[in-house]
Amino acid sequence: MKKLLPLILLLVGSGAGVGAGIFLRPAPDPADPAMAKEKVSVEKTAAEQSGGTEHEYVKMNNQFVVPVVDGAQVSALVVMSLSLEVPAGQKDAIYAREPKLRDSFLQVLFDHANIGGFDGAFTDANNLDVLRGALREVAQKDMGDQITDVLIVEIARQDY
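If you're matching positions, the sequence shown starts at 902 in this note's numbering and goes up one per residue.
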């Protein structure tokens, strides 16, 4: 009996391991043609909603550094990276006017800092929506309908 107990425990443990493996394995990907048709239909609907136009994203070459001034002292620096959503084929036009766009964006960012936009919970969704709206407005003023949206890709604040 003493020699049978290790063998029984080995078989029970192996069976439990195999059972757990079968029970916990991931579900197989459905190869159902109906699912594929539904996916294509969703993609067509998304393309139709966007006007059927393709967009591309233009990353501004350098980060924007914005000082946060408290009294007469710089209390923090905000560093951010922006990208622009443009219709396909407009990338070169954007890069050609990048200095003008950077100047306009910096003015908006400085104004946002001066009204306290980078104080407290500066990454709050409402706060960032206000900033995105102001950046988009100035970008469309400078470039017209060549810019459909401004994306805040990275943002960080370094306090002093």
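All C-beta atoms in this analysis are idealised placements derived from N, C-alpha and C, irrespective of residue type, glycine included.
Identified DSSP bridge partners for residue i
i, result
"I1056", "M981"
"V966", "V980"
"V1031", "Its beta-bridge partners do not exist; DSSP assigns none."
"V975", "V970"
"H1013", "DSSP lists no partner for H1013."
Close Cβ partners of residue i (< 6 Å) along its chain, the five nearest in sequence each way excluded
i, result
"S982", "Q964, V1054 and E1055"
"L1032", "H1013"
C-alpha gap between residue i and residue j, whole angstroms
i, j, result
"E1038", "V959", "17 Å"
"A1040", "Q1008", "12 Å"
"F1011", "A921", "59 Å"
"P988", "Q974", "42 Å"
"L906", "P927", "34 Å"
"A1057", "L985", "19 Å"
"L912", "L1052", "59 Å"
"D1020", "G918", "55 Å"
Exposed unless 16 or more other CB atoms sit within 10 angstroms - verdict on residue i
i, result
"I1016", "exposed"
"V979", "buried"
"I1048", "buried"
"L1036", "buried"
"G990", "exposed"
"F924", "exposed"
"G1018", "buried"
"V967", "buried"
Close-in-space but distant-in-sequence residues of the same chain around residue i (CB under 8 Å, 5 per side omitted)
i, result
"A1022", "N1028"
"S976", "V969, V970, D1060 and Y1061"
"D1043", "R998, K1001, L1002 and S1005"
Own chain partners of residue i with C-beta closer than 7 Å, once the 5 adjacent residues on each side are dropped
i, result
"S915", "none"
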